[in-house]
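Engineer: Here it is, the structure, as structure tokens.
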Amino acid sequence: MDTLLSMKVLVAVVDHASFVQAAEHLGLSKAMVSKHVMHLENRLGARLLNRNSRHLSVTESGRVYLERCRAMLEELDEVEATVSRATVTPRGTIRFTAPMWLATDYFTQLLREFREHYPDVTFDIDISGRFVDIVEEGFDLALRASRTLHPNLIARPLMTIPFYIVASPGYLERHGTPEQGSDLARHSMLAYSLIRSNEFTLSGPEGEVKITINSVLQSNNESLLLSAAVNDMGIAILPGGLVERELGQGHLTQILPGYTPLNSQLYAVYTSRRYLSAKVRTFIDFLSDRMECPEHLRS
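Just so we're aligned: 348 in the working numbering is position 136 of the sequence shown, and the numbers increase by one with no gaps anywhere.
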């Protein structure tokens, strides 16, 4: 059987969650659709779908294979369009992961604006705060703020993210205000757990200062760290867009303004320029054009 057609059939079955509807969509019989799926399973020696008379689900092997099928079919569409000199229109779902502090009204407006230009594109966004292996989990790209990246990944800088050292007035009243970077070592710190280190480096008036912190709370959720800081638990280092409201309302105070804890870049991270689909390439270009200053991350 035609394996390429079988791959298209598998995608249609999953998208429609039905053999019958996939058959109608493709103009095939239900029996032929079943044969195509069985052809792939026999070829791979693995079950791709769990199905009975009432329910259809994708197996773990099926999920991995399905993501690769989608990528290959999209690449084929682009190649065919290029050869025929047709315009390649971005379409399909962009699956990406982003930090929780990026969940702002402005970023949502960016997504809406992108879809106004490319209505055939949809989004599937993981914003859980966990570290995602975009290759193993089948993501198109990740938006990440980091100075260091895995050597096998490609990173395109989008914008600089300012990070502030903040604490509540109540905490500072009880524990004192740090005067220099080294003073942080004796304070209660609220740490971002994905950094996986109790040491970090500050750039300040005396140059670079390496600090060993006393972490009283670790979390991969910046909103929780923000709340803990507001509630007098300790000192946090958080992105500017996340703390601006609390700073303006007096719930938090910026300390050590002459020190730079993390002037980090926000990157679009992906695996390969060669096989980058039109939807992902266009989306990255769009973000690069729009995300020009930190004010864009204000909620």
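For every residue, glycine included, the Cβ atom is placed at its ideal position computed from N, Cα and C. The model shown is predicted, which means the values in this text are computed figures rather than measured ones.
1) How is the alpha helix (DSSP H) around Asn-254 delimited, first residue to last?
2) Please list, in chain order, all residues of the same chain as Arg-447 whose beta carbon is under 8 Å from its beta carbon, the five residues on each side excluded.
3) Can you check whether the CB of Asp-336 is closer than 8 Å to the CB of Thr-305?
4) Kindly give me the distance between the Cβ atoms of Glu-434 and Met-312, rounded to whole angstroms, as I take these residues to be in contact under 8 Å.
5) Please work out which residues of its chain come closer than 6 Å, Cβ to Cβ, to Met-219, disregarding the five sequence neighbours upstream and downstream, and give them in chain order.
6) Going by C-alpha to C-alpha distance, which of Arg-457, Arg-493 and Asn-426 sits closest to Leu-438?
7) Is it buried or exposed, Gly-462, if we count other Cβ atoms within 10 angstroms and call 16 or more buried?
8) How is Tyr-479 classed by DSSP in three states: helix, strand or coil?
9) For Gly-304, name the three-state secondary structure that DSSP assigns.
10) Do you know how far the Cα of Val-221 is from the Cα of Leu-238?
11) Where do the N-terminal and C-terminal ends of the alpha helix (DSSP H) with Ile-496 fall, by residue?
12) By DSSP, does Glu-272 sit in helix, in strand, or in coil?
13) With H, G and I counted as helix, E and B as strand and the rest as coil, what does DSSP make of Asp-444?
14) Along the chain, where does the alpha helix (DSSP H) that runs through Met-219 open and close?
15) Can Ser-230 be considered in contact with the ligand FMN, in the sense that its beta carbon sits closer than 7 Å to one or more heavy atoms?
16) Distance, Cα to Cα, Gln-430 vs Asn-410?
17) Leaving out the 5 sequence neighbours to the left and right, which residues in its chain are closer than 7 Å to Leu-370 when beta-carbon positions are compared?
18) Give every residue of the same chain whose Cβ lies closer than 6 Å to the Cβ of Glu-420, excluding the five residues on either side of it in the sequence, and list them in chain order.
19) What span of residues does the beta strand (DSSP E) with Pro-524 cover, start to end?
Structural biologist: Working from what's here:
1) 242 to 256
2) It is Ile, not Arg, that sits at residue 447 in the sequence shown. Here the set comprises Ile-377, Val-378, Ala-379, Tyr-383, Pro-390, Leu-396, His-399, Ser-400, Met-401, Leu-402, Ala-441 and Ile-467.
3) yes
4) 5 Å
5) Cys-281
6) Arg-457
7) Burial call: exposed.
8) The three-state secondary structure of Tyr-479, taken from DSSP, is strand.
9) strand
10) Those two C-alpha atoms are separated by around 8 Å.
11) 490 to 502
12) The three-state reading of DSSP puts Glu-272 in helix, counting H, G and I together.
13) coil
14) 215 to 228
15) Absent from the structure shown: the ligand FMN. Ligands present: none.
16) 10 Å
17) Leu-478, Tyr-479, Ala-480, Leu-499, Ser-500 and Met-503
18) The residues are Thr-413.
19) Any property of residue 524 remains undetermined from this structure, which presents the chain solely from 213 to 511.
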